[in-house]
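Visitor: The sequence shown runs 61 to 383 under my numbering.
C-beta atoms are modelled at their ideal positions from N, C-alpha and C, and glycine is treated no differently.
This structure is in structure tokens; I'll ask about it shortly.
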Amino acid sequence: MADIEERRPRSKAATFLLVIATTAFVVAAALRLLGIDGTRHMVATTALVPYVTAVGVLLGAIALLLRRWLVGTVTLLVALVLVAAVAPRAFPDSRPIGVGQQVRVMAANLLVGRAEAEAVVEAVRAHEVDVLALQELTPAMVRDFERAGLDEVLPHRVFLAEPGASGSGIASRYPLTARDLAAPSTLRQAGALVDLPGEDLEVVSVHPLPPVVPDGPETWQRDMAGLPQRDLNGPFRVLAGDFNATLDHVGLRRLLNQGYVDAADQVGAGLDPTWPSGAVWPPPVVIDHVLVDNRCPVDTFQVIDIPGSDHRAIVTQFVVPAP
61 MADIEERRPR SKAATFLLVI ATTAFVVAAA LRLLGIDGTR HMVATTALVP
111 YVTAVGVLLG AIALLLRRWL VGTVTLLVAL VLVAAVAPRA FPDSRPIGVG
161 QQVRVMAANL LVGRAEAEAV VEAVRAHEVD VLALQELTPA MVRDFERAGL
211 DEVLPHRVFL AEPGASGSGI ASRYPLTARD LAAPSTLRQA GALVDLPGED
261 LEVVSVHPLP PVVPDGPETW QRDMAGLPQR DLNGPFRVLA GDFNATLDHV
311 GLRRLLNQGY VDAADQVGAG LDPTWPSGAV WPPPVVIDHV LVDNRCPVDT
361 FQVIDIPGSD HRAIVTQFVV PAP
């Protein structure tokens, strides 16, 4: 009798803890499934959906092992819905045959000019980059790039350098024409038309204000909404840079529904984290992206470390179809 009486409190405690954990999981899952980018804390939670998904599967399995059938069943059902949304990012999509101009685009957040310019230029050379989209480009960083020889490999540029995190820029192997492609935003988002040998290409260096600032995510939401849609009547278009958003955020999913594809997702690299580089806390997430016009087949995608920056750079190759 004594043994039975001692087990009951532990059983109730286990059930209570499972219910609390399951409730937290379901709330986090609901933010993603219902598309709620509310407060900055909600936005931050949504960024962790791949981790939330793994936790949900584990919680459901534990609940079933402990014979908490209702808790386990509900948790696993919700977790499986998240798995269906997240898991495909780790597998390549079928690629149509592309005939046209191959283009390699690299995006790099420079951490207010602290990134090593030599490392960026070395990556540009090693990966034979055609177009480089830069965020947090400072005047001092521009001078560092000049000393590092960026002009030798990417001689054309549209730079909007500013002190702090506001600057951005585009450098290219091919001639550039500056264009205002994004709506006015808190941080500069350079845009340019790239004069390719075949069809032209429009590129935006993307950098909306982070959503976790004390004032809340409203400015981030407005900046994301101001990014240009794909234009079927104009040049092919690419959005590349630090979106401060994952594939689980409403603003980014809206762009994908407007005719873009995420290059990393296309080749099965959609779970490779880009920020923070070289750290385990906060949990690494995927907030740097290259969104490509869905008429452009994506060949490759790679994440690379850049010393001095808290972001990993991203490089993708795709085909701009021939006219």
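1. By DSSP's criteria, residue 301 is part of a beta bridge. Which residues make up the other side?
2. Which residues mark the beginning and the end of the beta strand (DSSP E) in which residue 359 is found?
3. What is the DSSP secondary structure of residue 251, counted as helix, strand or coil?
4. Taking only the alpha-carbon atoms, compute the straight-line gap between residue 381 and residue 137 and give it to the nearest angstrom.
5. From residue 85 to residue 233, what does the alpha carbon distance come to, in whole angstroms?
6. For residue 194 and residue 366, what's the separation of their Cα atoms in angstroms?
7. What does the Cβ neighbour count give for residue 206, buried or exposed, with the cut at 16 atoms within 10 Å?
8. DSSP state of residue 148, grouped into three classes?
9. Got a sec, what are the start and stop residues for the alpha helix (DSSP H) residue 199 sits in?
10. In this structure, does DSSP put residue 179 in helix, strand or coil?
11. Which of the three DSSP states, helix, strand or coil, is assigned to residue 218?
12. Any idea which residues DSSP pairs residue 373 with across the strands?
13. In the DSSP output, which residue or residues are listed as bridge partners for residue 138?
14. Take residue 178 and list the residues in its own chain whose beta-carbon comes closer than 7 Å to its own, dropping the five residues that flank it on each side.
15. Out of curiosity, what's the CA-to-CA distance linking residue 67 and residue 124?
16. Tell me residue 227's beta-bridge partners as DSSP assigns them.
Guide: Reading off the structure:
1. 266 and 349
2. 358 to 364
3. strand
4. 42 Å
5. 47 Å
6. 13 Å
7. exposed
8. helix
9. 199 to 208
10. helix
11. strand
12. 364
13. Paired residue(s): none; residue 138 is not in a bridge.
14. 208
15. Confidence at residue 67 is low in this model, with a pLDDT of 46, below 50, so the placement of that residue should be treated as unreliable; the coordinate-derived value is given next. Taking the straight line from one Cα to the other gives about 18 Å.
16. None; residue 227 has no bridge partner.
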